[in-house]
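J.: Chains as they are written, first to last, in this note's numbering: chain A, 1 to 402; chain B, 403 to 879.
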Amino acid sequence: MGSHGIRDKVAIVGMGCTPFGEHWDKSADDLLVDSAAAAAATAGTALDDIDAFWLGTMGSGVSGLTLSKPLRLADKPVTRLENMCATGSEALRNACYAVASGAYDSAMAIGVEKLKDSGFSGLAGSNPPNAGDDGKADTTAPANFSLLAPAYAQKYGVDPAELKDVLTRIAWKNHLNGAKNPRAQFRREVPKETIKNSPLIAGMLGIFDCSGVSDGSAAAIVVRAEDAHKYTDKPLYVKALSLVSGPADGLSRADYDFTTFPEVVASAQDAYQQAGITNPRVELALAEVHDCFTPTELVLMEDLGFAERGQGWKDVLSGTFDLDGELPVNPDGGLKAFGHPIGASGLRMMFEAWLQLRGEAPERRRLGTVGGGRSLALTHNLGGGPGECVSFVSVVGTQRSA
Amino acid sequence: MGGLVSYGAYIPYYRLERGRIAGVLGSGGGRGTRAVAGYDEDTTSMAVEAGRAALAGLTGHGAERGAPRQLFFATSVPAYADKTNATAVHAALRLSADALAVDMAGAVRSGVGALIAAAQSPVPAMAVLSDIRTGLPGSTDERDGGDGAAAFMFGGEGDTMPVLAEIVGQGSATAEFLDRWRTPGATSSRVWEERFGEQVYGPLADAAIADALKRAGLTPSQVGHLIVAGLHARAVSRTLRATGTPTEAAADNLVASIGNAGTAQAGILLADVLDRAGPDEIVLLVVLADGATALALRTTKALAAHRQPQPVAAQIAAGNSALEYATFLSWRGFLDREPPRRPDPEPVAAPPAQRRADWKFGLVASKCTQCGTRSLPPDRVCKRCHAVDEMAPEPLADVPATVTTYTVDRLAYTPSPPMLMVVIDFDGGGRMRCQLTDAAEDEVRAGLRVEMTFRRLITAAGVHNYFWKARPVRREG
Numbered sequence: 001m002g003s004h005g006i007r008d009k010v011a012i013v014g015m016g017c018t019p020f021g022e023h024w025d026k027s028a029d030d031l032l033v034d035s036a037a038a039a040a041a042t043a044g045t046a047l048d049d050i051d052a053f054w055l056g057t058m059g060s061g062v063s064g065l066t067l068s069k070p071l072r073l074a075d076k077p078v079t080r081l082e083n084m085c086a087t088g089s090e091a092l093r094n095a096c097y098a099v100a101s102g103a104y105d106s107a108m109a110i111g112v113e114k115l116k117d118s119g120f121s122g123l124a125g126s127n128p129p130n131a132g133d134d135g136k137a138d139t140t141a142p143a144n145f146s147l148l149a150p151a152y153a154q155k156y157g158v159d160p161a162e163l164k165d166v167l168t169r170i171a172w173k174n175h176l177n178g179a180k181n182p183r184a185q186f187r188r189e190v191p192k193e194t195i196k197n198s199p200l201i202a203g204m205l206g207i208f209d210c211s212g213v214s215d216g217s218a219a220a221i222v223v224r225a226e227d228a229h230k231y232t233d234k235p236l237y238v239k240a241l242s243l244v245s246g247p248a249d250g251l252s253r254a255d256y257d258f259t260t261f262p263e264v265v266a267s268a269q270d271a272y273q274q275a276g277i278t279n280p281r282v283e284l285a286l287a288e289v290h291d292c293f294t295p296t297e298l299v300l301m302e303d304l305g306f307a308e309r310g311q312g313w314k315d316v317l318s319g320t321f322d323l324d325g326e327l328p329v330n331p332d333g334g335l336k337a338f339g340h341p342i343g344a345s346g347l348r349m350m351f352e353a354w355l356q357l358r359g360e361a362p363e364r365r366r367l368g369t370v371g372g373g374r375s376l377a378l379t380h381n382l383g384g385g386p387g388e389c390v391s392f393v394s395v396v397g398t399q400r401s402a
Numbered sequence: 403m404g405g406l407v408s409y410g411a412y413i414p415y416y417r418l419e420r421g422r423i424a425g426v427l428g429s430g431g432g433r434g435t436r437a438v439a440g441y442d443e444d445t446t447s448m449a450v451e452a453g454r455a456a457l458a459g460l461t462g463h464g465a466e467r468g469a470p471r472q473l474f475f476a477t478s479v480p481a482y483a484d485k486t487n488a489t490a491v492h493a494a495l496r497l498s499a500d501a502l503a504v505d506m507a508g509a510v511r512s513g514v515g516a517l518i519a520a521a522q523s524p525v526p527a528m529a530v531l532s533d534i535r536t537g538l539p540g541s542t543d544e545r546d547g548g549d550g551a552a553a554f555m556f557g558g559e560g561d562t563m564p565v566l567a568e569i570v571g572q573g574s575a576t577a578e579f580l581d582r583w584r585t586p587g588a589t590s591s592r593v594w595e596e597r598f599g600e601q602v603y604g605p606l607a608d609a610a611i612a613d614a615l616k617r618a619g620l621t622p623s624q625v626g627h628l629i630v631a632g633l634h635a636r637a638v639s640r641t642l643r644a645t646g647t648p649t650e651a652a653a654d655n656l657v658a659s660i661g662n663a664g665t666a667q668a669g670i671l672l673a674d675v676l677d678r679a680g681p682d683e684i685v686l687l688v689v690l691a692d693g694a695t696a697l698a699l700r701t702t703k704a705l706a707a708h709r710q711p712q713p714v715a716a717q718i719a720a721g722n723s724a725l726e727y728a729t730f731l732s733w734r735g736f737l738d739r740e741p742p743r744r745p746d747p748e749p750v751a752a753p754p755a756q757r758r759a760d761w762k763f764g765l766v767a768s769k770c771t772q773c774g775t776r777s778l779p780p781d782r783v784c785k786r787c788h789a790v791d792e793m794a795p796e797p798l799a800d801v802p803a804t805v806t807t808y809t810v811d812r813l814a815y816t817p818s819p820p821m822l823m824v825v826i827d828f829d830g831g832g833r834m835r836c837q838l839t840d841a842a843e844d845e846v847r848a849g850l851r852v853e854m855t856f857r858r859l860i861t862a863a864g865v866h867n868y869f870w871k872a873r874p875v876r877r878e879g
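1. Give the residues from the stretch 774 to 808 of chain B that approach chain A closer than 7 Å (Cβ to any Cβ), ordered along the chain.
2. So which of B:S574, B:D811 and B:P817 has the shortest CA-CA distance to B:D746?
3. Residues of chain A with a CB under 8 Å from the CB of B:A755: which are they?
4. List in chain order: all unbroken beta strand (DSSP E) runs of 3+ residues lying wholly within the stretch 142 to 193 of chain A.
5. Can you name, in chain order, every residue of its own chain whose Cβ lies under 7 Å from the Cβ of B:M834, other than the five neighbours on each side?
6. Name the chain B residues that come within less than 7 Å of A:F120, Cβ to Cβ?
7. Given that A:G203 touches chain B, what residues does it touch there, using C-beta distances under 7 Å?
8. Tell me the residue span of the beta strand (DSSP E) that contains B:Q472.
9. Would you tell me roughly how many angstroms separate the C-alpha atoms of A:E388 and B:R496, rounded to the nearest one?
10. So A:Y237 is in the beta strand (DSSP E); what residue range does that whole segment cover?
11. Nearest to A:W172 by CA position, among A:A36, A:D138, A:R187 and A:T57, is which residue?
12. Going by DSSP, what residues sit across from B:Y409 in a beta bridge?
13. Please determine, among A:D291, A:L327, A:Q274 and A:T260, the residue with the shortest C-alpha to C-alpha distance to A:D303.
14. Suppose contacts are defined by Cβ-Cβ distances below 8 Å. Is A:F53 in contact with A:I110 by that definition?
15. Do you know whose CA, among A:S391, A:S401, A:V396 and A:G397, lies nearest A:N406's CA?
16. Quick check on the burial criterion: 16 or more other C-beta atoms within 10 angstroms. Buried or exposed for A:H380?
17. Taking only three categories from DSSP, how would you classify A:G338?
18. Let me check understanding here. Comparing Cα to Cα, which of B:K616, B:P742, B:G735 and B:A455 lies closest to B:G440?
19. Within the same chain, show all residues whose beta-carbon is closer than 7 Å to that of A:A202, passing over the 5 residues directly before and after it, in chain order.
20. Is there at least one Cβ from chain B nearer than 8 Å to A:T79's Cβ?
21. Candidates B:T809, B:K871 and B:T771: which alpha carbon is nearest B:M793's?
22. Return no unless some Cβ of chain B is closer than 8 Å to the Cβ of A:D159.
23. Residues of chain A with CB closer than 8 Å to the CB of B:K762, please, in chain order.
24. In chain B, which residues lie with their C-beta within 7 Å of the C-beta of A:T139?
25. Determine the closest residue to A:E352 out of A:G305, A:D322 and A:N181, with distance taken between C-alpha atoms.
26. In the DSSP assignment, the beta strand (DSSP E) including B:E726 goes from what residue to what residue?
27. How many angstroms separate the CA atom of B:L531 from the CA atom of B:Y815?
28. What separation, rounded to the nearest whole angstrom, lies between the Cα atoms of A:V190 and A:H340?
29. Can you name, in chain order, every residue of its own chain whose Cβ lies under 7 Å from the Cβ of B:G428, other than the five neighbours on each side?
30. Along chain A, which residues have their Cβ under 9 Å away from the Cβ of B:F856?
31. Apart from the five residues just before and just after B:C773, which ones in its own chain have a Cβ nearer than 8 Å to its Cβ?
32. Starting from A:D215, follow its DSSP beta bridges and name the residues at the other end.
33. Could you check whether the stretch 537 to 552 of chain B touches the stretch 663 to 683 of chain B, counting it as contact only if at least three pairs of C-beta atoms, one from each stretch, sit closer than 8 Å?
34. Between B:G693 and B:A618, how many whole angstroms is the CB-CB distance? I'm expecting something under 8 Å.
35. Identify the contact partners of A:R374 in chain B, using a Cβ-Cβ distance below 8 Å as the criterion.
36. Which first and last residues belong to the alpha helix (DSSP H) in which B:I660 is found?
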């Protein structure tokens, strides 16, 4: 028994990512063609030369046909999968394993979501037929995540008004980063006062504490590490892939206190062990984390080991996770500003790692950490909510260990 | 005929100040308040609350939870037609599968009919009377109506539970005439000219009362408590005056504080009298509805020790009259509010609801027989020790709990936004996430003591979703 990982066995050699936003003029098919073609172009390969495909989407299509039809793929293996908001990362994980196993020479992981055709606010999905008796269908995602804030404030003795400032600063930072990202849904800086005084949605969360609802797609091409340089001079080697699904008992056992995601802690430990990371805060050049709501990012800083327990809020206020901070978090604007087309988000995070570690990010958001010699990036993707979630952590890097 | 062995009334939390009606419409209204069922209540859910109160008072041999072998549910506003509503009450009260549960629905007169059917039952039987009364905005029915429920359990033949009151005489008079009527689906009732009904009811009431007293071997002067229930106010007043009972025997009709609960009114007023009556007193209950029925009861010494846990007077005192008239109108369906820009709620599916009926309707969780951990909803695998299929049923509806955390959801679909969501820990263990009801946004806090209440969460595609919510404990003392 054990999780051994596939450190440095496969590499990402091509990536594509569409702008995220309200694409009234594009279908899910269009978005898939855009990101797949862009990924193939960066890898210098044709789509027809890729051996297998993993398509992640929460609700924008079922079966492999959702991808093979718009790309007109002829008799290729295409798996369509879903793992809530971690769907895009799950596609990448499976594509990596398929190549590492030797089953295929190359594989594509691609995620897509077309949310803005529904006409509804938020991420609306449908549930299997049910008895309507577990409270789950009643509340919205912001309400579920809003439980983190008062619990954190109470446990660590943070005044709720000060915590509101902490959450505001997280949104402000991600909007500031998004303003430097031409692909982001929201490309304007937002004053802290606007964020802080935005209309309440749930608990202490205002509209600016919530991620953007958008359409988009992102894709990655994975090959064996030894073949990587056939495609690119600057491959990203996959150091760690971890996914855990929790027992979903946080809302039914009294010892869960809503200040942590145990699933994130478990997946981070597994990933760090696979990658050989002992101090992520100083070893990582950047982290792309699942900032679906501002308190999520705060709690993740501690669950991922970037901050000490109960100290994350101070690090947020002191700018540790800013673009020029000790460990930049969500330099692309995150779910907050880049937007959250569910199935695409995990691969969008990887796209920022791809740009930053290869030195291809637009100059105004390039990271000092990369220039300073750090070569590792982390992506963290989460599906569900406090007390019941799936969590994904990956680590990628530009250096292949000997 | 068996005696009364327990009773319970349920008055919903909200009150409408009648003056607020004139404040909006410019006329109408009046003084006092009326009881208002919450947006998440209907006649079925209120019947469950009254039934729970009645069952809570059962004692003695044979007083186990499933004691009632028959359940008669009376209302003029059934939540469903075709489908029996008493089955939901039966499930929520966790009565035996082999007990009869039937509706007596559609007319106000059904209330006294259910009472008599339960009283005459050879086996332990419960009658639950429940009603929601309103009418078009500005109407007398809206102003003077009231919402509530009451439940009465009779012991049947050969029961050994202490009898609180015996029915010693009964009389009825029936006549066909148009006093008050409503075609199915209509949102308000129509009534004939008032003096006509007064003239018809008079002799019917006199005949029923005379018959009941004669059978009981009583004279009007022996009546200690006279209750006259009915929606025809003038006929009720006339009967109170004409019966020849002592003046001080006339029971308060409670219309000033909670309004007239139609089908349930006789039950609520009887419960109120039983809350304070002494031993060996005669209660004469008269119901005027498409005829007249009179029941004479004699209280016993056992009554004092077996009254319902929350007296009617205490429930009236605990009411909240902050309700806006516009909110009242939207709750009763007379004012459509813009819903959130979210998908329509999904209806409950029949097979999962049937599979989980013990949990959904009875709030029966599970408890691991290996480690004692409670699971809500019931699990097959213990979340703590991971034992498989080692669970025992664990009823939690009557277990108090404490709010551990909460949020206010302004985006969620609810008939009365915002939704208050709480995470509660039950005394003795077990946690669940549910909605908080009968509470304002500024009342919810960590540490709040709550109790469970049976509610209608939402209606989607014509299917009512019944489940449990938490509400603040507001009991005196």
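The beta-carbon is built from N, C-alpha and C at its ideal position, and this holds for glycine as well.
T.: Per the coordinate set shown:
1. So the close ones are S777, L778, P779, K785 and T807.
2. Looking at B:S574, B:D811 and B:P817, the one whose alpha-carbon comes closest to that of B:D746 is B:P817.
3. Within chain A, the residues A131, G132 and D133 have their CB atoms less than 8 Å from the CB of B:A755, given in chain order.
4. Here no run is fully enclosed.
5. Hits under 7 Å: L778 and I826.
6. Simply R743, R744 and P745.
7. Per Cβ cutoff of 7 Å: T809 and V810.
8. Element bounds for B:Q472: Q472 to T477.
9. Cα to Cα, the separation comes out at about 31 Å.
10. Segment L236 to S245, the beta strand (DSSP E) holding A:Y237.
11. Of A:A36, A:D138, A:R187 and A:T57, the residue nearest in Cα terms is A:R187.
12. DSSP lists B:F554 as partners of B:Y409.
13. Residue A:T260 is the option with its Cα nearest to A:D303.
14. The answer is yes: Cβ separation under 8 Å.
15. Given a span of 1 to 402 for chain A in the structure shown, any question on residue 406 of chain A remains unanswerable.
16. Classification for A:H380: buried.
17. Looking at the sequence itself, residue 338 of chain A is Phe, so the reference to Gly does not match. Look at A:F338 here: in three-state DSSP terms it is helix.
18. Checked all of B:K616, B:P742, B:G735 and B:A455; the closest Cα to B:G440 is B:G735.
19. Result list for A:A202: T140, P142, A143 and S146, in chain order.
20. The beta-carbon of A:T79 is placed no less than 8 Å from the nearest beta-carbon of chain B.
21. With distances taken between Cα atoms, B:M793 lies closest to B:T771.
22. It does not; no Cβ of chain B falls within 8 Å.
23. Per Cβ cutoff of 8 Å: A131, G132 and D133.
24. Within chain B, the residues near A:T139 are D811, A814, M821 and M823.
25. Taking A:E352 as reference, the option from A:G305, A:D322 and A:N181 with the minimal CA-CA separation is A:N181.
26. From DSSP, B:E726 is part of no beta strand (DSSP E); its letter is neither H nor E.
27. B:L531 and B:Y815 have their alpha carbons spaced roughly 31 Å apart.
28. Cα to Cα, the separation comes out at about 18 Å.
29. Cβ neighbours of B:G428 beyond the five flanking positions: none.
30. Those do not exist, as B:F856 stays about 12 Å from chain A at its closest Cβ, beyond 9 Å.
31. Closer than 8 Å at the Cβ level, and outside the excluded window around B:C773, lie C784, R786, C787 and A789.
32. Its beta-bridge partners are A:G21.
33. Yes, the stretch 537 to 552 of chain B is in contact with the stretch 663 to 683 of chain B.
34. Actually they do not touch by this definition, with Cβ atoms about 20 Å apart.
35. Neighbours of A:R374 across chain B, judged by C-beta separation under 8 Å, do not exist; the nearest C-beta is about 38 Å away.
36. Judged by DSSP secondary structure, B:I660 falls within the alpha helix (DSSP H) whose first and last residues are V657 to I660.
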